[in-house]
Amino acid sequence: MSRQLDNCSIRDVVMTIPRVWELIRSFKCECESRGWKVSEHEDWVKAGSEYHNFLWARSVRPAALKKIVEEHKCAIKQGISYQVVDVAYTAWLFSEAPSEELLHIVVENPELSKRTAIYDLSWAYSKKPLCLKLNQTDSSVFQEFENFLEKKWGVEFKPVQSLLTKKV
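Below, the structure is given as C-alpha cells:
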C-alpha cells in the first residue's frame, strides 16, 4: 500500500539518515552482493586482497588519527582468535565536524591522503543531505560507499579541501 503526500513533492521530503553503525551495516549488505567479504562484528570490507576499514567517531585527536592511519593494521576475528592484517584504506566517518587541524594532517601528507578518507556526516545528521568529504584514495569500496549514500539516502558530497583555510 503506497501513501500519498499531500501538497508535497518528493524533493521536499527530507530523508532521515540512519546512525553511522546502521549505515555501515546496510552498506556491508551491499558489499556482500558484490562478492566482497565483510565482517559480521567489525567494520571492514575485503575487496580482492585489500582490506578497507571503516572507523566511526564523534571526534578524534589529530595525533590519534595519524597514529592509527600510519600503523594501518586491523584485528580480524577468525573463529575464537584474532589475526592482525594490513589495511589498505581507512575511512573515518564523523558524526560531528572534524577539526581543521585533523583535516590538514591528512591533506598535507601525500602518503596519508592515498590511504585515508574522511567523511563529515555532521550536516547529514542536522537534516541537510550533505557530506563533506576528503577522499583522494583509489578505494573502490569507498567510491561505492559514496554511491550508496547518494542513491539510497540522497546525500550530496562536497570536497572539504575547498573549505580549508590555507596555513601561512
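Our numbering applies: residue -1 is where the sequence shown begins, and numbers increase by one.
Glycine included, every Cβ here is placed at the ideal spot set by N, Cα and C.
Residue interval of the alpha helix (DSSP H) (run including residue i)
i, result
"H102", "E98 to V105"
"V67", "P60 to E69"
"V171", "For the chain, the structure presents residues -1 to 166; residue 171 sits outside this window and is missing."
"P108", "P108 to R113"
"R23", "V18 to S31"
Distance between beta carbons of residue j and residue i, contact taken as under 8 Å
i, j, result
"E99", "P60", "5 Å"
"V139", "V43", "5 Å"
"L53", "W19", "L53 to W19, Cβ: 12 Å. No contact."
Those residues which DSSP pairs with residue i across a bridge
i, result
"V36", "V43"
"K156", "L130"
"E48", "A45"
"F92", "A55 and D118"
"Y80", "K75"
"Y123", "The partner list for Y123 (beta bridge, DSSP) is empty, contrary to what the question assumes."
Residue i versus residue j - alpha carbon distance
i, j, result
"S57", "E154", "22 Å"
"H102", "K65", "15 Å"
"E48", "K112", "14 Å"
"I78", "K126", "42 Å"
"E143", "F25", "It is worth fixing the name first, because residue 143 is Phe in this sequence and not Glu. Computed Cα separation, rounded: 7 Å."
"K156", "C129", "6 Å"
"E40", "I74", "8 Å"
"P16", "E38", "19 Å"
"L147", "V83", "27 Å"
"L21", "K150", "10 Å"
"Q134", "N107", "11 Å"
"S137", "S124", "28 Å"
"K35", "P96", "29 Å"
"Q141", "Y87", "12 Å"
Reduced DSSP secondary structure (H/G/I, E/B, other) of residue i
i, result
"W151", "helix"
"S138", "helix"
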